[in-house]
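Below is one structure, written out as structure tokens, with a few remarks after it.
Written as structure tokens, this is what we have:
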């Protein structure tokens, strides 16, 4: 592994994702040799905790022009790690203070909306923005949950734009590689289709199952007999309502496509149940089980 | 706890469920004082393994009239722990050899179909049959997986029939209590609605998600980016295709009702997504998260 070298990294939103990047670059042996890491929060106070924990060197408040300007001056890298719905306003706030050589990336779990927001906010300077998505767990959140090894073996997807300079994309790749992550690239459209399918739709379905049970007059009785299958199936229904509201709306088109495709599968299974067609049910279940088992055996990771 | 006393228990299908009952009655301190436990398999050989493991005292082959007759003679209790689809043929095979005082119960995960099968097979002797459902994990199977503590703290639901003698129901209750299980009673119709909702539907939805992903031309790419949410959501898609085919068909009416109700929830969420109605999405997600968290905090068990 080549050591990743940087002068100044500015992280907007120092929580689990941003904090773990900072800790990885700082604490992983030989991974990176860096100058300063600056944390920026909506208020100065929210980034202050990260400095107390030794995760960032400096902090700046987003609302303070002088602090923001100082934070961004001479930065070679910027990471946006705030909720995706804030991307456009964040970039609009940043762009007046952004050096021409600074590369900006993000960590949003949807990408087409982020690209649209970035194009709107950055205009002709869109080449400086390299969209990214580190796939890391979100059960816990906040900078206290940040870990130097959060990204080891995890996928990070970049969705480079036609305007991006290849060297800039390579820099962002190298930064994430230094955290131990596995890098992939795809278009933002493909990214959003893939994650609508394997992440956003399952979350929606899980929330919907609990909602369905709640709507029954005997909901309490039903919950009282829910067991391990229910527990696993609905674990992701404990996720943040705000975050998943934003994801559903941000990735609306791809998610609705996936939902319609899924509803069509349910309609086929319903027809088989009504017709007493055990052969179709068994064939679908067996195919699903086999694919799921193969996925599990591969370690649930991207083939390399 | 009162010690449960029995003379002879005959178990049809000595696998995880039947084997664990036998081990619980034998091995849990002071739980039961019993005579003999007899295992009956489709062939003599399949029950033989249970005897080698010391789980049953005697074995009998289902196909051998003399053995079956000897096995059932003087039995006070019979447990059917074979796949539910075999209930009727099993009872038809047993009934000629069944003493008038023997109480028969079962362990099937659907109940209305089992009751119908029992009525058909037992006719006027239906009073001898007390339908039951121990809610115990099925990830592993076979008598080797049987555990004396499998039922500790687990729910066992009985669905007594109007014809059952209260003393007989109390005997079956006492037997399961001796295993450490928590007993509940409800009608077989209510049982099937409850489990359609919290168990059968989630399994169907989980299989359907994998099927949906498999149907995409870029299925391999999608699987390669599936992460923890997908893992939890689809764990139950690794369940037995044959068993779930049978469950779906056996509990057809309640399952189709649940599926239709669930599809209606999905339609509401789809409309909210298309309309950009974040407030509705967030309200549903927040309500689901709260209910799911409360369930988790109660330990995912029946309130007592």
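Chains as they are written, first to last, in the numbering used here: chain A, 1 to 304; chain B, 1001 to 1304.
The beta-carbon is built from N, C-alpha and C at its ideal position, and this holds for glycine as well.
### Query
From what residue to what residue does the beta strand (DSSP E) around residue 184/A run?
Residues 182-185.
### Query
Hey, does residue 44/A have any beta-carbon neighbour from chain B nearer than 8 Å?
no
### Query
How big is the Cα-Cα spacing for residue 1220/B and residue 1212/B?
12 Å
### Query
Residues of chain B with a CB under 9 Å from the CB of residue 149/A: which are they?
By Cβ distance, chain B contributes nothing, its closest Cβ being about 16 Å from residue 149/A, past 9 Å.
### Task
Show which residues of chain A have a CB atom less than 8 Å away from the CB atom of residue 1232/B.
The contact set of residue 1232/B on chain A, defined by CB atoms closer than 8 Å, consists of 232, 233, 235, 236 in chain order.
### Query
What does residue 198/A touch in chain B if you count any residue whose Cβ is under 7 Å from its own?
1213, 1222, 1225, 1226, 1230
### Task
Sort out for me which residues DSSP pairs residue 1004/B with in a bridge.
1032/B
### Query
Just checking my contact of residue 1031/B with residue 1003/B at CB under 8 Å: how many whole Å lie between their CB atoms?
Rounded, the Cβ-Cβ distance is 7 Å, consistent with contact.
### Message
Between the alpha carbons of residue 303/A and residue 166/A, how many angstroms are there, rounded?
### Response
Its pLDDT being 42, under 50, residue 303/A is placed unreliably in this model, and the value from its coordinates should be taken loosely. If you take the alpha carbons of residue 303/A and residue 166/A, they lie about 24 Å apart.
### Message
residue 1153/B and residue 1182/B - do their beta-carbons sit closer together than 8 Å?
### Response
Yes.
### Message
Would residue 255/A pass as an interface residue toward chain B - the criterion being a Cβ-Cβ separation below 8 Å?
### Response
yes
### Cβ-based burial, residue 279/A [other Cβ within 10 Å; buried from 16]
exposed
### Message
Helix, strand or coil, according to DSSP, for residue 158/A in the structure here?
### Response
In this structure, residue 158/A counts as strand in the three-state DSSP scheme.
### Message
What does the alpha-carbon distance come out to for the pair residue 1226/B and residue 1079/B?
### Response
Cα to Cα, the separation comes out at about 42 Å.
### Query
With DSSP run on the structure shown, which of helix, strand or coil describes residue 1305/B?
The structure shown does not extend to residue 1305/B, since chain B is modelled only from 1001 through 1304, so no value can be given for it.
#### Entry: the stretch 267-294 of chain A: positions lying closer than 7 Å to chain B by Cβ
Across the stretch 267-294 of chain A, CB contacts with chain B closer than 7 Å involve 269, 270, 273, 274, 276, 278, 281, 282, 284, 285, 286, 287, 288, 289, 291, 292, 293, in sequence order along the chain.
### Message
Once DSSP output is grouped into helix, strand and coil, what is the label at residue 129/A?
### Response
strand
### Task
Could you tell me whether any Cβ in chain B is nearer than 8 Å to the Cβ of residue 84/A?
No, no contact with chain B.
### Query
Apart from the five residues just before and just after residue 294/A, which ones in its own chain have a Cβ nearer than 7 Å to its Cβ?
Contacts found: none.
### Message
Please confirm whether residue 156/A has its beta-carbon closer than 8 Å to some beta-carbon of chain B.
### Response
no
### Message
Going by DSSP in three states, residue 1115/B sits in which element: helix, strand or coil?
### Response
helix
### Task
State the DSSP-derived secondary structure class of residue 1149/B, mapped to helix, strand or coil.
Looking at residue 1149/B - three-state DSSP - the assignment turns out to be coil, as it is neither helix nor strand.
### Query
Which ranges would you report for the beta strand (DSSP E) in the stretch 85-115 of chain A if only whole runs of at least 3 residues count?
103-106
### Message
Against residue 1051/B, what residues of chain A qualify as contacts under a CB-to-CB distance less than 8 Å, listed in chain order?
### Response
Residues of chain A passing the Cβ test: none, with the nearest at roughly 30 Å.
### Task
Could you spell out the range, first to last residue, of the alpha helix (DSSP H) harbouring residue 1059/B?
Residue 1059/B -> not in any alpha helix (DSSP H); beta strand (DSSP E) instead, spanning 1058-1061.
### Message
Would the stretch 1109-1119 of chain B count as touching the stretch 1180-1198 of chain B if we require 3 or more Cβ pairs under 8 Å?
### Response
yes
### Task
Step through the CB atoms of chain B and report whether any lies within less than 8 Å of the CB of residue 70/A.
no
### Message
If I follow the unbroken alpha helix (DSSP H) through residue 1169/B, where does it start and stop?
### Response
1166-1177
### Same chain, Cβ closer than 6 Å to residue 1285/B, five either side skipped, listed in chain order
none
#### Entry: chain B contact residues for residue 194/A, given Cβ-Cβ distances below 8 Å
1218, 1221, 1222, 1225
### Query
Taking the alpha-carbon positions, what's the residue 11/A to residue 119/A distance?
Answer to the nearest angstrom: the Cα atoms are 20 Å apart.
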